[in-house]
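Protein sequences appear in the order of chains A and B.
The numbering used here numbers the first residue of the first sequence as 44 and each following residue consecutively.
The numbering used here numbers the first residue of the second sequence as 3 and each following residue consecutively.
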Amino acid sequence: MSASTNLVALGTIVRREIARIMRIWTQTLIPPAITMTLYFVIFGKLIGSRIGEMHGFTYMQYIVPGLVMMSIITNSYGNISSSFFGAKFGRFVEEMLVSPMPNWVILLGYVTGAVTRGVIVGALVLVIALFFTDLHVAHPVTTFLSVVLGATVFSLAGFVNAVFAKKFDDIALVPTFVLTPLTYLGGVFYSVDLLGEPWRSISLVNPILYMVNAFRFGVLGVSDVPIVTAFVVMIVFVVGLSAVALRLLSRGVGLRS
Amino acid sequence: MTTPALHVNDLRKTYGNGVEALKGISLTVQPGDFFALLGPNGAGKSTLIGILSSLVNATSGDAEVFGVSIHRNRSEAMRLIGLVPQEINFNQFEKPFDICVNQAGFYGIGRAEAAVRAEKYLKELRLWDKAHHQARMLSGGMKRRLMIARAMMNEPKLLILDEPTAGVDIEIRRSMWQFVSGINAAGTTVILTTHYLEEAEQLCRNIAIIDQGRIVQNTSMKSLLATLDVETFVLDVAALPPAMPNLPGVTLRTLDDHTIEAEMSRSHDLNSLFAALSAHGVTVTSMRNKANRLEELFVRLVEHGRENAA
Chain A
44 MSASTNLVAL GTIVRREIAR IMRIWTQTLI PPAITMTLYF VIFGKLIGSR
94 IGEMHGFTYM QYIVPGLVMM SIITNSYGNI SSSFFGAKFG RFVEEMLVSP
144 MPNWVILLGY VTGAVTRGVI VGALVLVIAL FFTDLHVAHP VTTFLSVVLG
194 ATVFSLAGFV NAVFAKKFDD IALVPTFVLT PLTYLGGVFY SVDLLGEPWR
244 SISLVNPILY MVNAFRFGVL GVSDVPIVTA FVVMIVFVVG LSAVALRLLS
294 RGVGLRS
Chain B
3 MTTPALHVND LRKTYGNGVE ALKGISLTVQ PGDFFALLGP NGAGKSTLIG
53 ILSSLVNATS GDAEVFGVSI HRNRSEAMRL IGLVPQEINF NQFEKPFDIC
103 VNQAGFYGIG RAEAAVRAEK YLKELRLWDK AHHQARMLSG GMKRRLMIAR
153 AMMNEPKLLI LDEPTAGVDI EIRRSMWQFV SGINAAGTTV ILTTHYLEEA
203 EQLCRNIAII DQGRIVQNTS MKSLLATLDV ETFVLDVAAL PPAMPNLPGV
253 TLRTLDDHTI EAEMSRSHDL NSLFAALSAH GVTVTSMRNK ANRLEELFVR
303 LVEHGRENAA
């Protein structure tokens, strides 16, 4: 297919994904907003007021970037895994598989849809956070890039999960047993500098730590890890997971008999 | 020499569980043909269609659609094919109009042109009044017609229909065939699989019968039907005779008090049958062919193939 026809195909998938997010907005947009509001009230206001400052910021200000990134990650992952597995389960993924569209367009379309949901939810959570505290974005470009890269990493991971999944339970396993623990232990609620060894070193192998800190650096200007390292980690994951996802699509794993 | 619409060369498929679904299928479909691909359940028809539409990976062999290899140039080959699958495979929460427009988008057709085509085909398949309702609200027949409309969005040169009329009532089935015959007359090559053999007999010009992963017959419908040497008629009679007439070349069987079955050579004339029955005081009130001719041949070919394989 030519570049222009690929662009039309890509736009079709992205439009369909966004239409899906909006069609089921009570499942895709409202729950994360309510959950994060509760986090702000309980951890930020009620408990946070007793914790004091962290890296020179109030506890509420400190956890806002972490919670926004957590929303972006979980929603990007959840969007692509449920949408692509749903297409497999309902067999309408075949609409794309029988078309002349190359595999990379299918992958990019779904990832763009998932990143879009991550960004929408992240923006919603950020707006809610402004009702609880004042925030000034320290490094807008870093903030933007960390959002896009963080969402892309977990969109790709969600896609791989959906390709292998055989039933709906399979797409719930990873978020429950891998994503949530890694997120909670990824410096969302605390600075890893507070941890003693070996827990601090163990925390450094958690990729979510780098995403949370890249975003926190963008918003607050502080980070537990070198910002260059954070971006290198995210780029390595994007490249590695893209290669895996494209390989799976090309071999037809879970899609073609 | 005209490039065939489809040329399948020694196509084989062995699934991961060891099932050999295709054991070297070769066939050719000419442009403009209305081609029947028949076979019992599990014969390998859907595997063959799956390979042609790139939903199934072939183990070996190749197929060319209008000279374009589905393996070496998948993208270009897929552009030429429209597929109506056996199972419903659209998002039931989307609207028929959106399903069609999106399908066109996957083929790189812009939204303006896609909208025009969606309206055209949804109207031709009598679905326009449902175009903006959720697809899950459609009846079974409407869903099947929607899949035909969707398959037409890229205006394919080769349309493959995998049992499109399964479970569809006679009126809708006729309207579907009217539509498909129309696009065939306009130049689209059509490959049809169906279990309604009278449909295949009426619509198709050429035929391949596949069984246990092999082609057991590949010829024109006319030639195939000409090989049928025996026909069976069912005669409704006013009353049975005390004894059945003995007529050379005709086997008469009693089905019930008012029905006789007559199996006879196609070369045998019907006049002598009626004369013999009349002589025995039998009044024939009506008569019909027992079974569809193609159905008889189909059963024979499949059974014969299995006996040879055994």
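The beta-carbon is built from N, C-alpha and C at its ideal position, and this holds for glycine as well.
- By the Cβ rule, the stretch 42 to 55 of chain B counts as touching the stretch 10 to 30 of chain B, because three or more pairs are nearer than 8 Å.
- Of the residues B/94, B/220, B/90 and B/105, the one whose Cα lies closest to the Cα of residue 164 of chain B is B/90.
- Taking the CA atoms as reference points, residue 80 of chain A sits about 19 Å from residue 262 of chain A.
- Under the Cβ distance rule, residue 112 of chain B counts among the residues neighbouring chain A, one pair being separated by less than 8 Å.
- In this model, residue 124 of chain A and residue 216 of chain A are separated by some 11 Å (Cα to Cα).
- For residue 94 of chain B, no beta strand (DSSP E) encloses it, and the DSSP letter there is neither H nor E.
- Against chain B, the CB of residue 295 of chain A has a partner CB under 8 Å away; the residue lies at that interface.
- Just so you know, the alpha carbons of residue 135 of chain A and residue 128 of chain A end up roughly 10 Å apart.
- Proximity to residue 62 of chain B across B/14, B/19 and B/82 peaks at B/14, based on C-alpha coordinates.
- Rounded to whole angstroms, the gap between the alpha carbons of residue 144 of chain B and residue 171 of chain B is 11 Å.
- The contact set of residue 165 of chain B on chain A, defined by CB atoms closer than 9 Å, is empty, because the minimum CB distance reaches about 15 Å.
- Along the stretch 39 to 66 of chain B, the positions whose C-beta sits under 7 Å from a C-beta of chain A are 52, 55, 56, 57, 58 and 59, read in chain order.
- Within the same chain, and ignoring the five residues on either side of residue 296 of chain A in sequence, the residues whose Cβ sits closer than 7 Å to its Cβ are 206.
- The C-beta of residue 84 of chain B has 16 or more other C-beta atoms within 10 Å across all chains shown, which makes the residue buried.
- Chain A has a Cβ within less than 8 Å of the Cβ of residue 80 of chain B.
- By the rule that beta-carbons nearer than 8 Å mark a contact, residue 19 of chain B does not touch chain A.
- In this structure, residue 168 of chain A sits near residue 75 of chain A, with a CB-CB distance shorter than 8 Å.
- Excluding sequence positions up to five before and after residue 217 of chain B, its CB lies within less than 8 Å of the CB of 27, 28, 29, 210 and 211, all in the same chain and listed in chain order.
- Rounded to the nearest angstrom, the Cβ distance from residue 52 of chain A to residue 108 of chain B is 5 Å, consistent with a contact under 8 Å.
- Taken through DSSP and simplified to helix, strand or coil, residue 84 of chain B comes out as strand.
- The distance from the Cβ of residue 36 of chain B to that of residue 186 of chain B is about 5 Å, consistent with a contact at the 8 Å cut-off.
- Under the rule that a run must span 4 or more residues, the alpha helix (DSSP H) segments found entirely inside the stretch 177 to 208 of chain B read 199 to 205.
- Shown here, residue 127 of chain A sits in a helix according to DSSP, grouped into three states.
- For residue 202 of chain B and residue 192 of chain B, the gap between their C-alpha atoms comes out near 12 Å.
- Residue range 68 to 71 is occupied by the alpha helix (DSSP H) that includes residue 70 of chain A.
- At a Cβ-Cβ threshold of 8 Å, residue 95 of chain B and residue 199 of chain B do not count as neighbours.
- If one requires a minimum length of 4 residues, the alpha helix (DSSP H) runs lying completely within the stretch 68 to 98 of chain A are 68 to 71, 73 to 82 and 91 to 94, in chain order.
- At the C-beta level, residue 258 of chain A and residue 201 of chain A stay beyond 8 Å of one another.
- The continuous beta strand (DSSP E) containing residue 15 of chain B extends over residues 8 to 16.
- Cβ-Cβ distances below 8 Å link residue 212 of chain A to nothing in the same chain once the five nearest sequence neighbours on each side are left out.
- Here the C-alpha atom of residue 223 of chain B lies approximately 19 Å from the C-alpha atom of residue 291 of chain B.
- The contact set of residue 215 of chain B on chain A, defined by CB atoms closer than 8 Å, is empty, because the minimum CB distance reaches about 15 Å.
- Taking each of B/146, B/169 and B/283 in turn and checking the Cα distance to residue 241 of chain B, the smallest one comes out for B/283.
- Between residue 134 of chain A and chain B, the shortest Cβ-Cβ separation is below 8 Å.
- Within the stretch 198 to 270 of chain A, the runs of alpha helix (DSSP H) that reach at least 4 residues and sit entirely inside it are, in chain order, 211 to 217, 223 to 227, 242 to 246 and 250 to 263.
- Taking 8 Å as the threshold, the shortest C-beta distance from residue 158 of chain B to chain A does not fall below it.
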